[in-house]
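Last residue of the sequence shown? That's 193 in numbering that gives the first Met the number 0, and every number before it is there in order.
All C-beta atoms, glycine included, are put in the ideal place defined by N, C-alpha and C.
It should be emphasised that the depicted structure is a prediction, and the values quoted were computed from it without experimental measurement.
Structure record follows, encoded as structure tokens.
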Amino acid sequence: MSGNLIIVSGPSGSGKSTVVRKLLATCELPLQLSISVTTRQPRSGEIDGRDYYFVTHAEFAQRKSRGEFLECKEVFGQGEWYGTLAVQVYEGLDADKWMILEIDVQGALSVMQKHPEAISFFIHPGSLPELEARLRRRGTESEASIRRRLEVAEEELTALSHYKYEIINREIEHSVREMCQILEPYSHGATKHA
Ligand code: 5GP
């Protein structure tokens, strides 16, 4: 027996990190978050090894060339890289964990190719103006970064059809319950019904 692979994507500012954190805290399944490696700078409050493994570009490139990543991408086209560690994911699955990969659409599509059985969720706030409002409320990004994230979001929304489940995140608690309810039947060997 091995665990399940879960992919969660959605535009930056869609609330997906909060949803995933609450899902991990409340859903009674053996969920485990895959901690990605990134070259971007930590935001205030972020902790190395909990939120990401923060590394230099040189270290990232070295790990990439050693084939350590299940997938890796330069996410916003601005020189910062993000990657999923293969060993972490497969060790988790071997230990019957349900590994959650919170990754961008390009990364998700390459994982789906290798693992069509992955349970994939696309979380979004319903509309681009709503997304922009959330990014501004969050207050962590510069104006240029907000614009870039909105452009990427618009592109990403076109990938929705590749995901098994769409979660419109209007209310966090509701989204968390919805995802947990979708996941639960997979512990009895369910497959996507629609
Ligand atoms: P942030 O900089 O806001 O933490 O993340 C930016 C984007 O990078 C998010 O959409 C997030 O899902 C994505 N991301 C985080 N880790 C990975 C990863 O390992 N691989 C890929 N492809 N995307 C990632």
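Own chain residues within Cβ distance below 7 Å of residue i, not counting five before or after
i, result
"residue 192", "At residue 192 the pLDDT is 44, less than 50, meaning the model places this residue with poor confidence; the figure from the coordinates comes in the next sentence. Correct list: empty, nothing qualifies."
Sheet register partners of residue i (DSSP bridge)
i, result
"residue 31", "98"
"residue 36", "52 and 82"
"residue 47", "51"
"residue 198", "As shown, the chain starts at 0 and ends at 193. That puts residue 198 outside it, with no answer to give."
Collapsed DSSP secondary structure at residue i in the structure displayed
i, result
"residue 166", "strand"
"residue 9", "coil"
"residue 68", "strand"
"residue 144", "helix"
"residue 93", "helix"
"residue 122", "strand"
"residue 129", "helix"
"residue 116", "coil"
6 Å CB neighbourhood of residue i in its chain, flanking five on each side removed
i, result
"residue 154", "none"
"residue 39", "79"
Residue i versus residue j - alpha carbon distance
i, j, result
"residue 182", "residue 159", "19 Å"
"residue 0", "residue 28", "Caution is warranted here: a pLDDT of 45 is assigned to residue 0, below 50, making its placement in the model unreliable, and the coordinate value is therefore given only provisionally. Looking at the two C-alpha atoms, the distance is approximately 15 Å."
"residue 35", "residue 166", "23 Å"
"residue 74", "residue 97", "24 Å"
"residue 61", "residue 99", "25 Å"
"residue 18", "residue 11", "13 Å"
"residue 121", "residue 8", "5 Å"
"residue 178", "residue 55", "35 Å"
Close beta carbons around residue i, own chain, < 8 Å, minus the five adjacent residues each side
i, result
"residue 64", "none"
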